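Below is one structure, written out as structure tokens, with a few remarks after it.
Numbering (the working numbering), first residue to last: 1 to 373.
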């Protein structure tokens, strides 16, 4: 093993506004270190690292706003869509993060900086305007581009699709600065796992299986969605993945309708790749990371309750390309559950034919390797 001083260091900065940004950061870090032993990565959620007391309060307020007032969030998203962060917000980020981020970079001396959230990208861009020469790569973790992602100091953008590249060009970004890589997902999502072994591990029956995700923030789609699903529990198996929302997990566990051999209630899991492999349909909030993981697994997706803004754009993209569809009514659910119950072989065959369809060949790590030279 080479000494640390001989390694190329890549600092990957994220933020805790939803798990997807940091998941993308760790996925990219893992891929880089897997591909090249002479690379050392460091993943930092900037707010949590620099301000561990303040950050949880901010993230909690953000979650409550999203949960209680999604339309307000959507109006704010749209009203600022073509704009970078306003001067007041930039000043706040400058006061909160600028000096400490500069010190972190000075101490660790990375050869490249990667940002998977717009806030650290804004901070590093400001440092570059002040004289920092470290190359900056920004990974856009949705299927849309808000103006806050855009800065002339970014040396390279990694984006999910041709659609997102086009939107960056409209923002004035040069085509040479944009690479279509897909959103970085953990390498395990590109691997094929043994379905029989997965069923044994999670005590699953050999039945058509639906995986329901999105409960980490208490956003599991409401009682009507869940009730409509579990009405099919005698013919179809359901896995509810509730993340770290212990309250929601306890609530479902105490409900007699969910006490059934074909209903499995799970908390936080690091094996979502296996659960997607063993499932035949994913019902989820349309976050960029979850959608990308589902795309890598070629699992059909149904989307519920998109947050106005980037999640709506994610739904639009995946529906347009035939990778999923929104739940418009109970008829959407009934259609898919009927197919699973009566035409299971057709659903399986369609998934096989869609495997790796339209997936970018790489995972973004090659872009960072080129930056490092």
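The beta carbon of each residue, even a glycine, is placed where N, CA and C say it ideally should be.
A quick note: this is a predicted structure, and the numbers were derived from the prediction, not measured.
- Please report the residue range of the alpha helix (DSSP H) in which residue 166 lies. Your numbering for residue 166 matches position 166 in the chain shown. Segment 162-170, the alpha helix (DSSP H) holding residue 166.
- residue 219 burial status per 10 Å Cβ neighbour count (16 or more: buried): Stepping through the chain shown from its first residue, residue 219 is reached at position 219. Reliability of the predicted coordinates at residue 219 is poor, the pLDDT of 47 falling under 50, and the value obtained from them is presented with this limitation in mind. So residue 219 counts as buried.
- Item | Segments assigned alpha helix (DSSP H), at least 4 residues, entirely inside the stretch 292-333 | 310-320
- Message: Buried or exposed, going by whether 16 or more other CB atoms sit within 10 Å of the CB of residue 352?
- Response: Within the chain shown, residue 352 is the residue found at index 352, counting from 1. Flag for residue 352 reads exposed.
- Message: Classify residue 336: buried if its beta carbon has 16 or more other beta carbons within 10 angstroms, exposed otherwise.
- Response: If you number the chain shown from 1, residue 336 lands on position 336. So residue 336 ends up on the buried side.
- DSSP state of residue 124 mapped onto helix, strand, coil: Here residue 124 is taken as the residue at index 124 of the chain shown, counted from 1. Three-state DSSP puts residue 124 in a helix.
- Using 8 Å as the threshold, is the stretch 298-318 in touch with the stretch 125-144, meaning 3 or more CB pairs across them? yes
- Message: By DSSP's criteria, residue 39 is part of a beta bridge. Which residues make up the other side?
- Response: Your numbering for residue 39 matches position 39 in the chain shown. Paired residue(s): 8.
- Item | Cα-Cα separation between residue 339 and residue 347, rounded to whole angstroms | In the chain shown, residue 339 corresponds to position 339, counting from 1. In the chain shown, residue 347 corresponds to position 347, counting from 1. So the alpha carbons of these two residues sit roughly 7 Å apart.
- Message: So for residue 279, helix, strand or coil by DSSP?
- Response: Residue mapping note: residue 279 aligns to position 279 of the chain shown, counting from 1. Looking at residue 279 - three-state DSSP - the assignment turns out to be coil, as it is neither helix nor strand.
- Message: So, with DSSP's three-state summary, where would you put residue 258?
- Response: As a working mapping, residue 258 is identified with position 258 in the chain shown. Here residue 258 sits in helix by DSSP.
- Buried or exposed: residue 248, going by 16 or more other Cβ atoms within 10 Å of its Cβ? Here the question's residue 248 lines up with position 248 in the chain shown. With 16 or more other Cβ atoms within 10 Å, it is buried.
- Return the residue from the list 263, 185, 327 and 343 that minimises the CA-CA distance to residue 296. Here the question's residue 296 lines up with position 296 in the chain shown. Per the Cα distances, 185.
- Task: List the whole-angstrom C-beta distance separating residue 188 from residue 305, where the pair is believed to meet the contact cut-off of C-beta under 8 Å.
- Result: One-based indexing of the chain shown puts residue 188 at position 188. One-based indexing of the chain shown puts residue 305 at position 305. That pair is no contact at about 27 Å.
- Message: For chain D, check one thing: does any of its Cβ atoms lie closer than 7 Å to the Cβ of residue 261?
- Response: Here there is only one protein chain, and chain D is not present.
- Query: Taking buried to mean at least 16 other C-beta atoms within 10 Å of its own C-beta, is residue 167 buried or exposed?
  - Reply: Sequence index remark: in the chain shown, residue 167 carries index 167 (1-based). That one is buried.
- Query: How far does the beta strand (DSSP E) with residue 237 in it reach, from first residue to last?
  - Reply: Working through the chain shown from its first residue, we reach residue 237 at position 237. Residue 237 -> beta strand (DSSP E) spans 237-241.
- Return the residue from the list 135, 107, 259 and 98 that minimises the CA-CA distance to residue 152. Here residue 152 refers to the residue found at position 152 when the chain shown is read from its first residue. Of the candidates 135, 107, 259 and 98, the one whose C-alpha sits nearest the C-alpha of residue 152 is 135.
- Given a cut-off of 7 Å, decide if residue 35 and residue 11 are closer than it, judged by their beta-carbon atoms. As a first step, residue 11 must be located in the chain shown, where it is residue number 11. As a first step, residue 35 must be located in the chain shown, where it is residue number 35. Going by C-beta atoms, residue 11 is not nearer than 7 Å to residue 35.
- Message: Please classify residue 109 as buried or exposed, where buried requires at least 16 other C-beta atoms within 10 Å of its C-beta.
- Response: Your numbering for residue 109 matches position 109 in the chain shown. Per the 10 Å Cβ criterion, exposed.
- Query: For the putative contact between residue 149 and residue 121, defined by C-beta atoms under 8 Å, what is the C-beta separation to the nearest angstrom?
  - Reply: The residue labelled residue 149 in the question sits at position 149 within the chain shown. The residue labelled residue 121 in the question sits at position 121 within the chain shown. Contact flag correct, Cβ pair sits at about 7 Å.
- Alpha carbon to alpha carbon, how far is residue 283 from residue 300? Numbered from 1 along the chain shown, position 283 holds the residue referred to as residue 283. Numbered from 1 along the chain shown, position 300 holds the residue referred to as residue 300. If I take the Cα positions, the gap works out to 9 Å.
- Item | Option in 334, 231 and 160 with minimal Cα separation from residue 288 | Indexing the chain shown from 1 puts residue 288 at position 288. Residue 288 has its Cα closest to that of 160, out of 334, 231 and 160.
- Task: Could you please give the first and the last residue of the uninterrupted alpha helix (DSSP H) stretch that includes residue 132?
- Result: For the purposes of this step, residue 132 is taken as the residue at position 132 of the chain shown. Unbroken run through residue 132: none, as it is neither H nor E.
- Message: Please list the terminal residues of the continuous alpha helix (DSSP H) segment that includes residue 196.
- Response: Start at 1 with the first residue of the chain shown, and residue 196 comes out as number 196. 195-202 is the extent of the alpha helix (DSSP H) around residue 196.
- Query: Can you tell me where the alpha helix (DSSP H) with residue 174 in it begins and where it stops?
  - Reply: What you label residue 174 is simply residue 174 of the chain shown in a count that begins at 1. Careful: residue 174 lies outside any alpha helix (DSSP H) and carries neither H nor E.
- Query: Bridge partners of residue 209, per DSSP?
  - Reply: Taking the first residue of the chain shown as position 1, residue 209 is located at position 209. Partner(s): 237.
- Task: Flag this pair as yes or no: are the beta carbons of residue 205 and residue 237 separated by less than 7 Å?
- Result: Position 205 of the chain shown, counting from 1, holds the residue named residue 205. Position 237 of the chain shown, counting from 1, holds the residue named residue 237. It is a contact, given that the beta carbons lie within the stated cut-off.
- Query: From residue 24 to residue 262, what distance separates their C-alpha atoms?
  - Reply: What you label residue 24 is simply residue 24 of the chain shown in a count that begins at 1. What you label residue 262 is simply residue 262 of the chain shown in a count that begins at 1. Answer to the nearest angstrom: the Cα atoms are 32 Å apart.
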